[in-house]
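Worksheet: one structure, shown below.
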Amino acid sequence: MTAHAPGRPVRAVLFDLDGTLLDSIPDLSEACHRMMVELGRAPHSIDTIRTFVGKGMLNLVRRCLAEHGTASDAEMAEAVAAFQRHYTEVNGLATTIYEGVVPALAALQAQGVAMACVTNKPAAFTGPLLERMGIAGYFGATVSGDTLPEKKPHPAPLIHACELLGVTVAESLMIGDSANDAEAARAAGMPVLLVTYGYSEGMPVDSIECDGLLSSLVDALPRIR
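Residue -3 is where the sequence shown starts when you use this note's numbering, and the numbers rise one by one after that.
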């Protein structure tokens, strides 16, 4: 299925970050591990953490604690502070760029397609991570999980990214790895492609309604014209 109807050019592509551009699970898992140990709780496996990622930092921390019962507001606040401290130390150390990402970004840039990163990761971690991984320069705009009052799956971050890029929603395409991305794109009124190698919060990606699946970001290039 093509992402756009014939004659409807794509002027901008919005990308999710974790699980789409970067495999950041090793660093997120390490920060969660250190947080849980500091709190005197049993840490989770990296595979479990993989299913927790997608709806932002607060949700990640909450799910870590919820696996061992409920957490009070004070315990949540303590956990969030611990996670932020530890993730600041490890952010980007073991993160890797998925194969095909840089060639795809470079090709789109050469074609004059505007690009934005739209993530639920807090801005304090998003900018440094993009810089550390050497891909910040591809994006004309970045919308993080705390840029607006709402985050994905709300459509507001996608609409805001389009405004920052100076394009309309109708001229844009979302590429992500989860139902968060698909639901946000659908609500915004733009097509969405999902990568098959991401996290998708433990949900089979082929069960998520979208306009196509990608085994590599370079597979999106023929769909963008």
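All C-beta atoms in this analysis are idealised placements derived from N, C-alpha and C, irrespective of residue type, glycine included. Being a predicted model, the structure only gives us computed values, none of them experimental.
Whose CA, out of the options, lies closest to the CA of residue i?
i    : options                 : result
L35  : D23, I42 and E74        : E74
S41  : G50, C60 and P153       : C60
I21  : N116, E95, N87 and L160 : N87
R128 : G198, A184 and T92      : T92
P5   : G136, Q107 and C206     : Q107
T44  : G198, R221 and V163     : G198
T143 : R81, A120, F79 and A180 : A120
Output yes or no for whether 8 Å exceeds the beta carbon distance between residue i and residue j.
i    : j    : result
R219 : V109 : no
L217 : L189 : no
Y193 : R46  : no
S174 : G52  : no
G96  : S212 : yes
V49  : I171 : no
D207 : P187 : yes
T122 : L13  : yes
A112 : A152 : no
V76  : V57  : yes
Under 8 Å between C-beta atoms, does residue i make it to chain C?
i    : result
A183 : Looking at the structure shown, chain C is missing, and only one protein chain is on hand.
Between which two residues does the beta strand (DSSP E) containing residue i stretch?
i    : result
I171 : S168 to G172
F11  : A8 to F11
L189 : V188 to V191
C113 : A110 to V114
Expressed to the nearest angstrom, what Euclidean distance is found between the alpha-carbon atoms of residue i and residue j?
i    : j    : result
D177 : S203 : 14 Å
K148 : I155 : 11 Å
L17  : Y94  : 6 Å
A67  : R37  : 12 Å
C28  : G185 : 35 Å
K117 : L161 : 20 Å
E167 : P99  : 22 Å
F11  : T115 : 8 Å
Mind checking which residues open and close the alpha helix (DSSP H) that includes residue i?
i    : result
T84  : D69 to V86
A216 : A216 -> no alpha helix (DSSP H), and no H or E assigned at all.
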